[in-house]
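Input: a single structure, listed below in structure tokens.
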Amino acid sequence: DAGVIQSPRHEVTEMGQEVTLRCKPISGHNSLFWYRQTMMRGLELLIYFNNNVPIDDSGMPEDRFSAKMPNASFSTLKIQPSEPRDSAVYFCASSFGWGSPAYEQYFGPGTRLTVT
Amino acid sequence: QQQVKQSPQSLIVQKGGISIINCAYENTAFDYFPWYQQFPGKGPALLIAIRPDVSEKKEGRFTISFNKSAKQFSLHIMDSQPGDSATYFCAPRTGGATNKLIFGTGTLLAVQP
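Protein chains in written order, with our numbering: chain D, 1320 to 1435; chain A, 10 to 122.
What follows is the structure in structure tokens.
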């Protein structure tokens, strides 16, 4: 398996621009997570989906952030408009087994976002 | 409460030594206690995990010790190697019908040759 795939790997954009991050989870996994990692705040869960349905978006910082999962093999995280404080590494992770004892989350390589 | 406190923030160990990282939590509803390992430029990856009905789990050089009454669990790395140099996160799982992990602040481990 190719693992969790994220694109782009690096994104540099100017303040005010729209940014779209993409994720392809591992085939067969039914839970998908978006995380943000910064030096100041560590690793934060932004939102997670189960069976393509958003379950908990309490970590989404504000209305500028939105996430979608139109099907089991694709998800997007959009920031509009972007701000310098959004600069971070964004990770997507997937897991199999809602409520199962096997809770391992598999992380993608991340997207490093820089907003100037 | 969801708070997870991890210590130390950083750790330097000589090759062959023992690395110990601790995690304290407050939420008694946590039902799964993993440690994740992250190398620079990579995403975190599950290293080892324990369920609360077990006090210790060992996988190779890595051991989790779990103290339910003290609400603490720790990671021990025996015979530490330079290849173990990475950031380690405890990430207990919230209980119930969810798979949400609450990540600690991370411990940067450097194993000197």
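Ideal Cβ positions, reconstructed from N, Cα and C, are used throughout, including at glycine.
Legend entry - CB contact check: methionine 1334(D) to chain A, cutoff 8 angstroms: no
Inset, instruction - Report the three-state DSSP secondary structure of glycine 1361(D) (helix, strand or coil). - result: strand
Legend entry - For valine 1434(D) and threonine 1339(D), believed in contact at Cβ under 8 angstroms, the rounded distance: Between valine 1434(D) and threonine 1339(D) the Cβ distance is about 13 angstroms, and since that is not below 8 angstroms, they are no contact.
Legend entry - Closer than 7 angstroms at the beta carbon, the chain D residues around leucine 117(A): Those do not exist, as leucine 117(A) stays about 11 angstroms from chain D at its closest Cβ, beyond 7 angstroms.
Inset, instruction - For serine 1373(D), name the three-state secondary structure that DSSP assigns. - result: Going by the sequence as given, residue 1373(D) is proline instead of serine. Here proline 1373(D) sits in strand by DSSP.
Inset, instruction - Could you check what DSSP says for arginine 1404(D) in three-state terms: helix, strand or coil? - result: helix
Inset, instruction - Check the Cβ-Cβ distances between asparagine 2(A) and every residue of chain D, and say whether any is below 8 angstroms. - result: For residue 2(A) there is no data in the structure shown, the boundaries of chain A being 10 and 122.
Legend entry - CA-to-CA distance, valine 22(A) to phenylalanine 75(A), given in whole angstroms: 23 angstroms
Legend entry - Test: aspartate 1375(D) CB closer than 8 angstroms to a CB of chain A: yes
Legend entry - Contacting positions in the segment 1357–1370 of chain D - beta carbon closer than 7 angstroms to chain A: Gly1361, Leu1362, Leu1364 and Tyr1367
Legend entry - Where valine 1372(D) falls, given that 16 or more other Cβ within 10 Å makes a residue buried: exposed
Inset, instruction - Taking C-beta pairs closer than 7 angstroms, name the residues in chain A that tyrosine 1422(D) reaches, listed in chain order. - result: Tyr41, Arg102 and Asn108
Legend entry - Proximal residues to leucine 1356(D) (C-beta, below 7 angstroms), its chain only, five neighbours per side dropped: Note that residue 1356(D) is glutamine in the sequence shown here, rather than leucine. Contacts found: Leu1362, Ala1407, Val1408 and Phe1410.
Inset, instruction - Tell me, to the nearest whole angstrom, how far the beta carbon of cysteine 32(A) is from that of phenylalanine 82(A); I am working on the premise that it is less than 8 angstroms. - result: 5 angstroms
Inset, instruction - Put proline 91(A) into one of helix, strand or coil per three-state DSSP. - result: helix
Inset, instruction - Closer than 8 angstroms by beta-carbon distance: list the chain D residues that pair up with threonine 72(A), in chain order. - result: Those within 8 angstroms of threonine 72(A) in chain D number zero; the least Cβ separation is about 18 angstroms.
Legend entry - Which residues DSSP lists as bridging valine 49(A), in chain order: Here residue 49(A) turns out to be proline, not valine, going by the sequence shown. DSSP lists no partner for proline 49(A).
Legend entry - Proximity test, Cβ basis, 8 angstroms: phenylalanine 1384(D) and chain A: no
Inset, instruction - Pull up the distance between the alpha-carbon of asparagine 1370(D) and that of glutamine 1424(D), whole angstroms please. - result: 15 angstroms
Legend entry - Residue from Gly104(A), Asp40(A) and Trp44(A) whose Cα sits closest to the Cα of isoleucine 29(A): Trp44(A)
Inset, instruction - For lysine 1387(D), write down the residues that DSSP places opposite it in a beta bridge. - result: Thr1395(D)
Inset, instruction - Consult DSSP for glutamate 68(A) and reduce its assignment to one of helix, strand or coil. - result: strand
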